[in-house]
Amino acid sequence: MTESRYETLARTLRRQIDTQVWLPGDRLPSLRESCKQSGLSLMTVLQAYQLLESQGVIVARPQSGYYVAAGLQRPVRRQPDERLHAAEQVDVNDAIFDILKAGQDPSVVPLGSAFPDPTLFPQPRLARSLASAVRRMSPHSATANLPPGNEELRRSIARRYAQNGIEVAPDEIVITSGAMESLGLSLQAVTEPGDWVAIESPAFYGALQAIERRKLKAIAIPTDVRFGMDPDALEKALETYPIKACWLMSSFQNPLGCTMPSDNKARLVDILQRHQVALIEDDVYSELYFGSERPVPLKASAYRSEILHCSSFSKCLAPGFRVGWVAAGKYVERIERLQLMSTLSASVPVQLALADFLQKGGQQGGYDTHLRRLRRVLEQRQMAMHHAIIKEFPAQVSVSQPQGGYFLWLDLGDNVDAARVYQRALAKGVSVAPGTMFSADERFRHCLRINTSFEWGPHTARAISVLAALVAEEIRG
Ligand SMILES: Cc1ncc(COP(=O)(O)O)c(C=O)c1O
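Take 1 as the starting number for the sequence shown in UniProt numbering and just add one per residue.
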């Protein structure tokens with residue numbers, strides 16, 4: 001499915017509007033000006049403008065031109081909480097487990113799920129790779145693929161780092177059962193129980209669970225919905241507490257969707273380096289960017305030997321295969337040993353299948369073609385849902401504007417209890433992820449995370465209307 005020229009132009013304009021090149025009420029370039037700038041025909045430009053108009057992004061004023069619709073942007077207004085929050089003991093909310101279970105009910109519209117829409121992945125081609133890998137599997141493959149894992153797969157992953165200008169040798173990579181295992185092993189490699197770890201606030205609940213399991217103490221560092229972890233706050237924390245490791249997401253953070261600007265990335269790396277603190281970088285969403293370039297991870301910096309860069313194929317190629325990896329820097333041997341002492345290795349047939357897929361896909365442009373399509377669909381779906389939220393939710397609700405991934409973060413306002421919205425929405429067949437899942441305390445009780453990867457249609461439209469009505473009721477009290 002290739003994108004037509006008018007869709008590409010509409011997408012470019014929409015991105016300009018999202019990034020505030022054009023503000024609500026601004027007049028867009030006239031059709032004629034736009035033709036000149038883009039080199040496209042009048043008909044193509046008109047189609048692009050009409051598409052944006054049908055989405056409510058712009059409005060046509062007779063005799064005057066096209067204008068950015070009022071109220072399209074509702075960026076989160078709230079300043080992040082500037083205080084550091086230290087927790088001697090992290091107890092993950094029991095509700096998390098109920099919420100994760102509720103997401104498995106097929107009758108529920110799973111806007112609370114962390115999984116992408118499963119229909120977005122190349123299932124038949126993966127099945128062929130799996131069948132072919134199992135057929136060709138040697139009787140010795142179980143032992144040949146013990147940690148660090150299948151060599152071909154590690155080499156394919158190293159090549160993808162190289163394509164992005166990041167120096168990672170195949171020997172630095174350990175294949176794991178999903179990013180969850182690589183993150184857990186990384187945490188174990190750089191801490192002892194009782195140590196302090198700096199995490200984001202709000203943070204992915206998997207980080208909170210891993211910290212609880214290892215009996216670590218956590219410092220929650222203020223994290224901005226646009227710019228990610230605050231480097232100054234991290235520095236203050238490092239000066240105050242004997243922190244052993246920092247765990248963060250520099251791109252498309254879960255749940256906020258934010259990506260750190262390059263200046264902040266450089267500052268953060270400098271701070272970690274001065275304090276000699278290891279970094280666990282969770283980068284599972286970085287392939288899902290909407291712009292023209294993949295965001296650069298902190299792993300690309302000169303501090304890379306102290307950075308354990310964790311990712312997986314779960315969000316971008318093969319959910320359910322449970323294959324991830326860590327580019328572990330100087331910790332690679334420790335990680336291998338920890339894996340040998342725990343899960344032994346990632347499943348061999350699926351490692352071989354992905355090695356096969358990436359090699360064949362590499363020759364035919366298969367993986368990259370899939371990724372390009374995936375990014376485009378995710379961006380279109382996010383735009384549609386973002387627009388519906390702006391249109392239907394009460395004015396006090398603000399919404400994030402990520403440039404990748406598939407989550408929106410909604411601040412409902414202090415007078416709304418998102419945990420109640422969650423319960424009431426579930427009774428109506430819609431799940432959401434309440435803010436309480438993303439911190440060890442009640443700090444984000446007024447927030448929600450919404451998964452935007454599902455097709456925009458009657459089910460999702462109804463789900464958004466149900467949520468909007470419930471939030472309006474909660475606001476009225
Ligand atoms: C931020 C983040 N990190 C890690 C993971 C786990 O990835 P995997 O499924 O590869 O274990 C998830 C899954 O939801 C996630 O959202």
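Even glycine gets a Cβ: it sits at the ideal position worked out from N, Cα and C. Here the structure is a predicted model, which means the values were calculated and not measured.
In the DSSP assignment, S312 is bridged to G324. Cα atoms of T460 and L279: separation of roughly 38 Å, rounded to the nearest angstrom. Note on geometry: alpha-carbon atoms of W456 and A10 lie some 18 Å from one another. In the structure shown, the three-state DSSP call for F407 is strand. Look at E281 here: in three-state DSSP terms it is strand.
Inclusion of A237 and I219 in the CB contact set at 8 Å is warranted, their separation being smaller than that value.
Within a 10 Å sphere around the beta-carbon of T143 sit fewer than 16 other beta-carbons, which makes this residue exposed. Its Cα nearest to that of Y289, the residue P402 stands out among P402, R27, S398. Taking one beta carbon from each stretch, the region 338-357 and the region 151-164 have 3 or more pairs nearer than 8 Å; the two touch.
In the DSSP assignment, A198 falls outside any alpha helix (DSSP H) and lies within the beta strand (DSSP E) extending over 196-201. Of the residues assessed, F97 falls on the exposed side of the cut-off, its CB having fewer than 16 other CB atoms within 10 angstroms. When beta bridges are read from the DSSP output, D224 appears opposite G228.
Counting every other CB atom within 10 Å of its CB across the protein chains shown gives P118 a total below 16, marking it as exposed. Using a Cβ-Cβ distance cut-off of 8 Å, the region 156-169 and the region 292-308 are in contact, since at least three pairs of beta carbons, one from each stretch, lie closer than that value. The set of residues with CB atoms less than 5 Å from any heavy atom of ligand 1 reads, in chain order, A114, G178, A179, M180, F204, N254, D282, V284, S312, S314, G324. Between Q339 and E181, the alpha-carbon positions lie close to 9 Å from each other. Here the region 440-454 lies against the region 396-412, with 3 or more beta-carbon pairs under 8 Å apart. Minimum Cα-Cα distance from S30 among the listed residues P261, V416, Y66, A266 corresponds to Y66. Membership of I99 in the alpha helix (DSSP H) is indicated by the continuous run 95-102.
Taking C-beta atoms as the reference points, S250 and P297 count as a pair closer than 8 Å.
Nearest C-alpha to P319 among E392, F115, Y367, R267: F115. Assigned with DSSP and collapsed to three states, S30 falls in coil, not helix or strand.
In the three-state DSSP reduction, N264 falls in the helix class (H, G or I). The Cβ atoms of V90 and I211 sit closer than 8 Å to each other.
G103 and V225 have their C-alpha atoms roughly 25 Å apart. Take D283, set aside five residues on each side of it, and the residues of its chain with a beta-carbon closer than 8 Å to its own are M249, S250, S251, P297, K299, H309, C310, S311, in chain order. With a cutoff of 8 Å on beta-carbon distance, E474 and V416 are scored as near each other.
Its chain contains Q16, L28, V68 as the residues whose beta carbon lies nearer than 7 Å to that of W22, once the 5 sequence neighbours on both sides are disregarded; these appear in chain order.
Looking at the backbone, the Cα of L187 and that of I175 are separated by about 16 Å.
DSSP places L42 in the helix class (H, G or I) of the three-state scheme. Check the Cα spacing between A440 and each of E88, V269, E3: the tightest is with E88. K391: member of the alpha helix (DSSP H) spanning 366-392, first to last residue.
Note on geometry: alpha-carbon atoms of M385 and P110 lie some 14 Å from one another.
E287 is positioned such that its CB atom lies closer than 8 Å to that of C316.
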